[in-house]
Every structure is written in C-alpha cells, then in structure tokens.
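Step one of this worksheet: look at the structure below.
2 protein chains.
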Amino acid sequence: MAQNIYDNPDFFAGYSQLPRQVHGLDAAPEWPAIRALLPDVTGKRIADLGCGFGWASRWFREQGAASILGIDLSRNMIERARADTTDAAIEYRIADLDMLELPKASFDLVYSALTFHYVRDFVRLSRMIHTALTAGGNLVFTIEHPIFMAATHPHWIQDEDGRRTWPVNGYSLEGERRTDWFAKGVLKHHRTLATTLNRLISAGFTLRQIKEFAPTPEQIEAMPELAEEMERPMMLLVSAHKN
Amino acid sequence: MAQNIYDNPDFFAGYSQLPRQVHGLDAAPEWPAIRALLPDVTGKRIADLGCGFGWASRWFREQGAASILGIDLSRNMIERARADTTDAAIEYRIADLDMLELPKASFDLVYSALTFHYVRDFVRLSRMIHTALTAGGNLVFTIEHPIFMAATHPHWIQDEDGRRTWPVNGYSLEGERRTDWFAKGVLKHHRTLATTLNRLISAGFTLRQIKEFAPTPEQIEAMPELAEEMERPMMLLVSAHKN
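Taken in sequence, the protein lines are chains E and S.
Under the numbering used here, the first residue of the first sequence is numbered -8, with each subsequent residue one higher.
Under the numbering used here, the first residue of the second sequence is numbered -8, with each subsequent residue one higher.
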C-alpha cells in the first residue's frame, strides 16, 4: 500500500502551490517531451494513473479522447479534479496503484505522471497495466529519475571547481527512500533504471523510447534556472508498446 | 575515428596488468552477469568488437561457436590475440569501429565488452551491427555506465555522513570526456543511457534486458572491495535482439 502523503494538510497546501498545479501542464518543463511520446488520442480510452487535479485527464479529452479514467490515492486531489469538470466522459476514482485492478483489454493508452515511484510493487503494476491495455496499446509514464532518487542525501553539492553536482550513492540498493518535501518522511521506492525497464519487458512490453528529461536551449533561455537540469536528470520518461 | 590509446606504450603496459587481462574472463566481476545475457553460441558466427587479447573470442569457440571475428583498433592487442590461438575458426583483424563495415546478415551474435564508449558515432555503429546480424540475431554489449562517465571529475567523494558517493554533473551534455587512466587524456564519448537505448531501438533492435552491473552478495563476501559498486553503477550491460 502506498503512503497517502497527498492528503496530509501541510503537504497538500504546499504541493497545491507548485506552478504546474496552479497553471497546469504548460508550467511543467517536461510536458513538451511527454507530448512527443504520446500517440494520437482521438477516440482513445485512457487511464490516467495518479491523475492529481486532472490536468492531463482534461487535456486528453480536449484532444478528442473518447473516455478518461483518472485514478488517484488522494481524496483531496480527486475532489478537486471532480470539481473542475462536468464532462461525463471523464471519471475520477480514488484507488491505490499498489492494489488497483483494471478490467482486461479496456484501455488504448495508460498514462502516468510522476507517480510510479510511490508504488511499492512495480512487477504487479506493470503486469496489470499490460493486461488492461488492448493489443496495440501504449503506456507512457514519467517517474523521478533513479539518479535523482538514489542517494541518502539527494541535494546539490559542489565539485572541486564549484560546479553544481549531484551525489549518487546506494544506486543498486533498491527499496524505500524517505525525503522531506512539503512534509517530513515522504515515502518513495527507488528502483534502478534497468529494473524499471526490465519489469516492463518482462510484463510483455516493447520499449519504444526512453528520455531522461533535459531542457531545450530555448527553455533554458526562457527560464535560466532550468540550466541545472543539464547536470543530472530529475525525471525519466518511458514510452512502451503492447504488441 | 577513435583514439588508439591501447597502442600507447605506457597505457598498454598498465592495462596489460589488469587482473582481467592477466587472468581472463573469470577475473571480471561482471562476467557472470554477461554470461546470463548471452544466447547459446553453439554453431554461431560471432563478431567480437573490441576483442582485446581475445579472451572472449577464445571462450566463444570453446563453447562451440562456429567462427569468431575479433576486431580491435590496437595492433598490440591483436598481435597478442593472434599469438594466443592457432584455431583457424578465430580470425583477428585491426579496424576502427567508427569506420568498420561488416558484411550483411553474416553474424548470429555481435558481442562487445567495454568498447562502445570509445566510439564517436553510435548511430552509425548500431545500424551497421543491425545490418550485419541475421534475423533472430543478438547484440550483447557492455559499456562504462553514463553515471560513471558523466562528471568532469569522476572519482569517489564523501557525503556528509562519510559515505562513498559518486558525483554526477554534465549528464545531459553528451560528447567527449577525457580522463587519466594509465595515460593522460584517454578519450571517451559520453552518451546518456536513454540515447544509447534509443539508438538501438531506432536501428531496429528490440531491447531484451538491461543491467547496471552490481555485484552479488557472494561476490562481495569473496571480494569486499566490490561493495562500493553498490553505490553507483560502473558498467551498463545490454542485450538486444534483431527480429
């Protein structure tokens, strides 16, 4: 069972003020890179796992998706998501991805943004998603990058030249990581990049594309603080296909 | 064109003393993990790219491979490799992987150990290998892990708890890396993990398995200095398939 930190009042108050929660998808620097991984969604049945406030769910519908099922563990998130749409083609449901079961062959696309690193059992989840997809369906997701998550003390340091540097240790020691982010002891599950990809392959997926998010020169020009993202990847983006 | 550092006398003298060069494959801690990725080689035609002294080429033949073509840029390495076998089924050739062309559909397995990070143009190499493989053929290779290679100063540091920690910077800045290893200014080419995998996919490969080498508990018990390999991956192992 995943930790439900998003219903912690302090966490939720802080999290809700993130630019991407206030302004939506275009405030997320990785969104153009995610869009480039997404198939045409016209007429598609989509599951949005860890839908949060429903920004992506609503966007899929605007792009012509037939239906969206948004799933989130947080009652706070789902209530806000429900309040933000009257579209009957979008359904929101509270569920834990460590236990969720979706009906077989009932989705053309499973999408998930920055959620799977909260999931303890990625073997189970990968298999469940593969089963829930139709043949020809796609899984597109983002997670915190294992380089970003691995260390005991994940924060910027300086190298001997004063260059921004990210410390890595414990990379091959998979399991729980606790960090303080809007609240103390937020629980995440570290897996190596190889483990994440191999689980998908074992579940039956063909890997289509992997991205370790880095901003474009244009993004850095518009937002100079993004330059540090060139030093180490914060997010991993994966596109996988069910044959 | 790749730098031919292996024919630098200082480099060659030092390199030749590495346990894996003196004692062969079993002195390489990653060898059991590589073996687990290799298909049955009985009767197979194999190319060994960056064959060095020919340890793997000879092993393939001992396992029943039909023929092995060992390629290396270094005259020193190839001369030693030739001196170490009289088997007519093993051919050694001096060539630069940045320019090598192999005949179409003529190999069942392409193998390469710790060589592709010396190659400048991995797009060209991936396509050439894909073309040289038969349908159903496999590519199994190891490279230095991009986490290991990325930083300006790639060496152990300590975190605030005194824990062995590896610095990462410049991860998304691909290109040349110069390090001092038996000689000054050894030239390597840094690519992100995503780039390496995406190039293979674009060339037509299906990814089978990815490993970020970490020692087993038994290996650490037998050789305690290997424990530090749990902190950050030094090598990436990839198995890819041509359908």
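Using N, Cα and C, we set each Cβ at its ideal position, and we do this for glycine too.
None of these values were measured; they are calculated from a predicted model.
Contacts of residue i in chain B (Cβ-Cβ under 7 angstroms)
{"i": "THR207 of chain E", "result": "No chain B is part of this structure, whose protein chains are labelled E and S."}
Coil, strand or helix - residue i by DSSP
{"i": "SER97 of chain S", "result": "coil"}
{"i": "SER163 of chain E", "result": "coil"}
{"i": "PHE139 of chain S", "result": "helix"}
{"i": "MET119 of chain S", "result": "helix"}
{"i": "ARG66 of chain E", "result": "helix"}
{"i": "PRO0 of chain E", "result": "helix"}
{"i": "ALA18 of chain E", "result": "helix"}
{"i": "PRO30 of chain S", "result": "coil"}
{"i": "PHE132 of chain E", "result": "strand"}
{"i": "ARG155 of chain S", "result": "strand"}
{"i": "LEU91 of chain E", "result": "coil"}
{"i": "LEU217 of chain S", "result": "helix"}
{"i": "ALA104 of chain S", "result": "strand"}
{"i": "ARG168 of chain E", "result": "strand"}
{"i": "ALA243 of chain E", "result": "Because chain E is modelled from -8 through 234, residue 243 of chain E falls outside the range shown and cannot be assessed."}
{"i": "ALA72 of chain S", "result": "helix"}
Host alpha helix (DSSP H) of residue i (start-end)
{"i": "VAL13 of chain E", "result": "10 to 14"}
{"i": "ARG199 of chain S", "result": "First-last for ARG199 of chain S: 197 to 203, but that is the beta strand (DSSP E), not the alpha helix (DSSP H)."}
{"i": "ASN(-5) of chain E", "result": "ASN(-5) of chain E -> no alpha helix (DSSP H), and no H or E assigned at all."}
{"i": "SER7 of chain E", "result": "That residue, SER7 of chain E, is in no alpha helix (DSSP H); it is neither H nor E in DSSP."}
{"i": "THR187 of chain E", "result": "184 to 194"}
{"i": "PRO208 of chain S", "result": "208 to 213"}
{"i": "GLU53 of chain S", "result": "46 to 53"}
Proximity test, residue i beta-carbon vs the ligand SAH heavy atom, cut-off 8 angstroms
{"i": "ALA123 of chain S", "result": "Of ligands this structure carries none, so the ligand SAH is not represented either."}
Backbone CA spacing between residue i and residue j [nearest angstrom]
{"i": "TYR6 of chain S", "j": "GLU216 of chain S", "result": "20 angstroms"}
{"i": "GLN210 of chain E", "j": "TRP50 of chain E", "result": "22 angstroms"}
{"i": "LEU60 of chain S", "j": "ARG11 of chain S", "result": "21 angstroms"}
{"i": "ALA185 of chain S", "j": "ARG84 of chain E", "result": "33 angstroms"}
{"i": "ILE237 of chain S", "j": "TRP172 of chain S", "result": "Past the boundaries of the shown model lies residue 237 of chain S; chain S is included only from -8 to 234, so the question cannot be answered."}
{"i": "MET90 of chain E", "j": "ALA79 of chain S", "result": "59 angstroms"}
{"i": "HIS181 of chain S", "j": "GLU167 of chain S", "result": "6 angstroms"}
{"i": "THR77 of chain E", "j": "SER65 of chain E", "result": "20 angstroms"}
{"i": "GLU222 of chain E", "j": "HIS146 of chain E", "result": "12 angstroms"}
{"i": "SER117 of chain S", "j": "GLU135 of chain S", "result": "17 angstroms"}
{"i": "LEU227 of chain S", "j": "PRO0 of chain E", "result": "42 angstroms"}
{"i": "ALA86 of chain S", "j": "PHE204 of chain S", "result": "28 angstroms"}
{"i": "PHE132 of chain E", "j": "TYR102 of chain E", "result": "6 angstroms"}
{"i": "LEU93 of chain E", "j": "ILE120 of chain E", "result": "8 angstroms"}
{"i": "THR33 of chain E", "j": "ILE192 of chain S", "result": "26 angstroms"}
{"i": "ALA213 of chain E", "j": "LEU16 of chain E", "result": "17 angstroms"}
{"i": "GLU21 of chain E", "j": "HIS14 of chain E", "result": "14 angstroms"}
{"i": "PHE139 of chain E", "j": "ALA56 of chain S", "result": "42 angstroms"}
{"i": "PHE3 of chain E", "j": "ASP39 of chain E", "result": "20 angstroms"}
{"i": "GLY41 of chain S", "j": "ASP(-2) of chain S", "result": "13 angstroms"}
{"i": "GLY128 of chain E", "j": "LEU100 of chain E", "result": "6 angstroms"}
Within chain S, the residues that residue i reaches when beta carbons sit closer than 9 angstroms
{"i": "MET221 of chain E", "result": "ASN160, GLY161, TYR162, SER163 and LEU164"}
{"i": "ASP150 of chain E", "result": "ALA142, THR143, HIS144, ILE148, PRO158 and ASN160"}
Chain E contact residues for residue i, given Cβ-Cβ distances below 7 angstroms
{"i": "ARG26 of chain S", "result": "Near ARG26 of chain S there are no residues of chain E at all, since even the closest Cβ is about 17 angstroms away, more than 7 angstroms."}
{"i": "PRO224 of chain S", "result": "TYR162 and SER163"}
{"i": "ALA185 of chain S", "result": "ILE201, LYS202 and GLU203"}
Partners in chain E for residue i, counting only beta-carbon separations shorter than 9 angstroms
{"i": "HIS213 of chain S", "result": "The sequence shown places Ala at residue 213 of chain S, not His. The premise fails here: ALA213 of chain S is roughly 17 angstroms from chain E at the closest Cβ pair, so nothing lies under 9 angstroms."}
{"i": "LEU188 of chain S", "result": "LEU188, LEU198, GLN200 and ILE201"}
{"i": "HIS121 of chain S", "result": "By Cβ distance, chain E contributes nothing, its closest Cβ being about 16 angstroms from HIS121 of chain S, past 9 angstroms."}
8 angstroms Cβ cut-off: residues of chain E touching residue i
{"i": "ILE192 of chain S", "result": "LEU198, ARG199 and GLN200"}
Run of the beta strand (DSSP E) containing residue i, from where it starts to where it stops
{"i": "ARG36 of chain S", "result": "36 to 40"}
{"i": "VAL83 of chain E", "result": "Per the sequence presented here, residue 83 of chain E reads as Tyr, with Val not at that position. Per DSSP, TYR83 of chain E belongs to the beta strand (DSSP E) from 81 to 85."}
{"i": "LEU228 of chain E", "result": "226 to 232"}
{"i": "LEU178 of chain S", "result": "177 to 181"}
Partners in chain S for residue i, counting only beta-carbon separations shorter than 8 angstroms
{"i": "ILE134 of chain E", "result": "Going along chain S, no residue has its Cβ under 8 angstroms from ILE134 of chain E, so there is no contact; the nearest lies around 13 angstroms."}
{"i": "ARG155 of chain E", "result": "ASN160"}
{"i": "ILE138 of chain E", "result": "ILE138, VAL159 and TYR162"}
(request) Please confirm if the region 152 to 161 of chain S is in contact with the region 110 to 127 of chain S, defined as three or more CB-CB distances below 8 angstroms between the two stretches. (result) no
(message) I want to know whether the region 107 to 120 of chain S touches the region 71 to 83 of chain S - three or more CB-CB distances under 8 angstroms.
(response) no
(message) For the pair the region 198 to 213 of chain S and the region 23 to 39 of chain S, tell me if three or more CB-CB distances fall below 8 angstroms.
(response) yes
(message) Does the contact criterion of 3 or more C-beta pairs under 8 angstroms hold for the region 221 to 234 of chain E versus the region 189 to 196 of chain E?
(response) yes
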